[in-house]
Amino acid sequence: MSSKITGKEYPLLKIFSSDFEYHIPAYQRPYAWTTEEAGILFDDLYEFYRTEPSDNYFLGTIVLIKEEDKPYADVIDGQQRLTTLTILFSVLASNLTGKAREACNALLQESGNILAGIPARPRMHLRQRDQAFFNKYIQEVQIPSLISIDATTLSTEAQRHIQENCNVLLSRFESVFEGDQNELINFSTFLLNRCFLVAVSTDSQDSAFRVFSVMNSRGLDLLPIDIIKSEIIGEISETEQQAYTDKWEDLENETGREGFNEVFTHTRTIFAKERPKKGLLEEFREYVVKRTKPKELVDNVLTPYAEAYTILKNFEYIASSRADEVNAVLYWLNKIDNYDWMPPAIKFFAEHLHDSEYILWFVKKLERLASFLHATAQDVNHRMDRYKWVLAEMDSNPSHNIEHPLTTIELTTDEKRSFIDALNGEIYSMPSRRRNYIIQRLDSFVSDGGAKYDVKLFTIEHVLPQNPEKGSEWDQLWPDQDERAFWLNRIANLVPLTRNHNSAAQNYDFATKKKSYFQNKGGITSYTLTTQVVNEDSWSPEVVSERQKTLLVLFSEKWDLKIDPAEELNDDEEIMFHLAIRGCNASGCVGNDGSFIVKAGSTIARDTTPSCQSSYVEIRKNLIDNGIIVDGVFTQDYVFDSPSAAAVIVGGRSANGRREWTTLDGRQYGKVVGH
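Mapping the sequence shown onto the UniProt record's numbering, position 439 (from 1) lands on 439, and the numbers just tick up by one.
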């Protein structure tokens, strides 16, 4: 008999009800979402809750092996979301009181009903190794006890992820809601009634795996670009439709189908300047299509953006001068493990393609900013918030040039300090992609740029071994265990190699290690950093300490991280805050008695949303009628009662100004000002 496949959209109130009892099969991987993914889930949910008073939020699809009308379900796809949502509800329950808390607890555990024959049980069962832990701390809402556990004593990586994600969600709830029970209940209502998952169910394992495979396959299904193409070309007169169809298809061939879809994603970001909250198709229509005319979109947006994308992705900039230098920097930008830097780069290249001096200046500054965000492990929200200031400045100051360049792309004093601290820290303890980037970039700084960095062959090794043998030369050179531990994983003690070596050789004395471990058969090494170590006579704490200083100076010179005394912030200096949402770009500062001053030249969002209270809509209208705002721009400094009032007027929607006004480096008004 063939298996029946059903798919239905359910609100979270139904997903976490007695209709479902989720089990993670033993063959599934353990829970693996990190704090970045858990934080993004909360941020997306909260942002949608705050800005979209009536729309529903789609959380994706889960695939289950489940018999119809029976709650038991094996989870084939969706474990990470379901587990993280369970943690979120547990943290929510810990913040609620009274009957609201009881109702939230019921989402985590089925209390049972003896009359209905429903036994008491958890709603979700992780793999056997982690379920008792998960049930005790998450499903029984023992959050303080979980947070207090020493993470090094947890027996599995999944348990560490559970604890870390619980901690980050707890911090988010405390920061956003500050214990306000009414607001917590309103947020709970949003989660349960307006947030949906699609559950695809079948009673056969083979069928479930087929569904999962089809959902994750990479066929030529319709992409948003296909739908937008039909809409845009359809708006062009019939006499020109074929010409613009040819232009469109040329762009798609130039970038590749997936690449062209990425161009659309980056274009949406260039126009919206914030993380997506809905699907690409819906937001591209809202932010791009509505603000351009069909032929203008193809000729003045997609064409130059696709050209810029191709140059950036393939590091193939062509110019009569500086092209090689530009492409060398683009090579390093493409080695960073995300492409959040692409939108500002695409916009800049599209607008300044023939100014090679300014292009070179820009890519150097952008690579430094991207490297800072990478090395200091900033999450996607922080990265996109940081890049949006660059996009906003390009919009508000279209005449910028090499004589009067962009300022928001520069690192702030706090960012420089954080960058230096990260580079001076335990580089080897970082995830491999981050530490590899830092070591390779450093090697490129000390070399002529000729070395190649093949990820399949590249390894990083310790000079001072991680576990030197008792009585060895290393033991004598480094008798102080604390000093040894301090320097072991720092950059001065690390060298790049091009192949794996016999692990036993790691503990050779320094002279033997240089000859047999750090050099190839010809007596040379591919990397200048390693050559420097080979040329040392000994490897004592004094040598390593001095080398650390030298390498940090090199980083500081190449990435321009020196902090000028004039950059130091005085207590009485005005701190500037910025806001860029829904197309606005505003700056402001603290006024007297908690007031907030929006600076002249700040721009506002073009319209208001239903979440913007009627009183603020009226204030907005009065400011326009009185000439305070002309053509969407503040003509003079204007004092608001609070940062939230200023944010609502500027953004045209409800806003928490204490969170949304930030410094360029991401510090929130409420955290900086503190009142």
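A virtual CB, placed ideally from N, CA and C, is assigned to each residue, including glycine. Keep in mind the model is a prediction, meaning the values are calculated, not measured.
Should residue i and residue j be called a contact, given that it needs their Cβ atoms to be closer than 9 Å?
i           : j    : result
L554        : L442 : yes
P344        : L366 : yes
L85         : L126 : no
A120        : L107 : no
Y31         : I162 : yes
L169        : F42  : yes
G657        : C612 : no
S583        : Y287 : Note that residue 583 corresponds to Gly in the displayed sequence, not to Ser. In contact: G583 and Y287 (Cβ atoms closer than 9 Å).
L82         : A38  : no
F348        : M384 : no
residue 681 : S188 : In the structure displayed, the chain extends from 1 to 675; residue 681 sits before or after that span and is not available.
T662        : F596 : no
V289        : L297 : yes
E357        : K295 : no
H352        : I346 : no
E36         : K277 : no
V380        : N338 : yes
Q532        : N424 : no
S429        : N467 : no
F264        : P224 : yes
residue 701 : S556 : For the chain, the structure presents residues 1 to 675; residue 701 sits outside this window and is missing.
R646        : A605 : The question names Arg, but residue 646 is Ala in the sequence shown. No.
S396        : T528 : no
I649        : R620 : yes
N105        : C195 : no
L96         : I185 : yes
I575        : V672 : yes
E110        : R123 : yes
L391        : T530 : no
residue 677 : H23  : The structure shown does not extend to residue 677, since the chain is modelled only from 1 to 675, so the question has no answer here.
R484        : S175 : no
Give the single residue among the options whose Cα lies nearest to the Cα of residue i.
i    : options                   : result
Q159 : I236, G179 and I138       : I138
I311 : K278, A350, K290 and E296 : A350
N165 : I236, E249, I40 and Q131  : I40
W33  : E21, Q80 and H23          : Q80
K4   : Y453, Q131 and D206       : D206
V363 : T376, R322 and S399       : R322
S644 : I628, G670, D637 and P122 : G670
L192 : F486, V543, Y10 and Y638  : Y10
L552 : A243, G78, D203 and I427  : I427
P144 : D593, G117 and V91        : V91
L561 : N626, D246, A422 and G112 : A422
S418 : T376, I439, W487 and H382 : T376
Q131 : T156, D482, K14 and Q181  : T156
F29  : I76, S399 and E21         : For the sequence presented, residue 29 should be read as Arg rather than Phe. The shortest Cα separation from R29 among I76, S399 and E21 belongs to I76.
Y387 : S399, Y517, P304 and E410 : E410
R285 : G259, T267, Y616 and G632 : T267
So residue i and residue j are in contact, right, with Cβ under 8 Å, and what is the actual spacing, rounded?
i           : j    : result
S472        : N507 : 7 Å
residue 688 : T408 : Outside the shown range of the chain, which is 1 to 675, sits residue 688, and nothing can be said about it.
F445        : K558 : 5 Å
A370        : W341 : 5 Å
R248        : K273 : Correcting the residue type first, residue 248 is Trp in the shown sequence and not Arg. Not really, about 25 Å apart at Cβ, beyond 8 Å.
K416        : I232 : Wrong, their Cβ atoms sit about 44 Å apart, outside the cutoff.
P610        : S18  : Incorrect: roughly 35 Å between the Cβ atoms, too far for contact.
P541        : W478 : 6 Å
S642        : G588 : That belief does not hold up - the Cβ atoms of S642 and G588 are roughly 11 Å apart, past 8 Å.
L146        : I227 : Wrong, their Cβ atoms sit about 45 Å apart, outside the cutoff.
K514        : V534 : 5 Å
Examine chain C for any beta-carbon lying closer than 9 Å to the beta-carbon of residue i, and answer yes or no.
i    : result
N622 : Given the protein chain composition of this structure (a single chain), no chain C is represented.
Can you list, in chain order, the stretches of the beta strand (DSSP E) that have 3 or more residues and sit fully within the stretch 611-669? 638-640
Sequence ranges, beta strand (DSSP E) only - wholly within the stretch 415-480, length at least 3: 459-462
At least three beta-carbon pairs within less than 8 Å, the stretch 297-315 to the stretch 591-608: They do not touch, by the three-pair rule.
Ranges of the beta strand (DSSP E) found wholly within the stretch 39-124, counting only runs of at least 3: 57-66 and 72-77, all fully within the stretch 39-124.
Just to confirm the assignment: which complete beta strand (DSSP E) runs, minimum length 3, are found wholly within the stretch 528-585? 577-579
For the stretch 457-464 and the stretch 387-406, state whether three or more C-beta atom pairs, one from each stretch, are separated by less than 8 Å. no
Just checking, does the stretch 487-496 make contact with the stretch 422-437 on the three C-beta pairs under 8 Å criterion? Touching, yes.
Evaluate the contact criterion for the stretch 62-80 versus the stretch 192-206: three or more CB pairs, one atom per stretch, below 8 Å. yes
Within the stretch 184-261, note down every full alpha helix (DSSP H) run reaching 4 residues or more, in order along the chain. 205-215, 224-234 and 238-255
Which ranges does the alpha helix (DSSP H) cover as unbroken runs of at least 4 residues, wholly within the stretch 260-311, from first to last along the chain? Whole alpha helix (DSSP H) segments, 4+ residues: 280-287.
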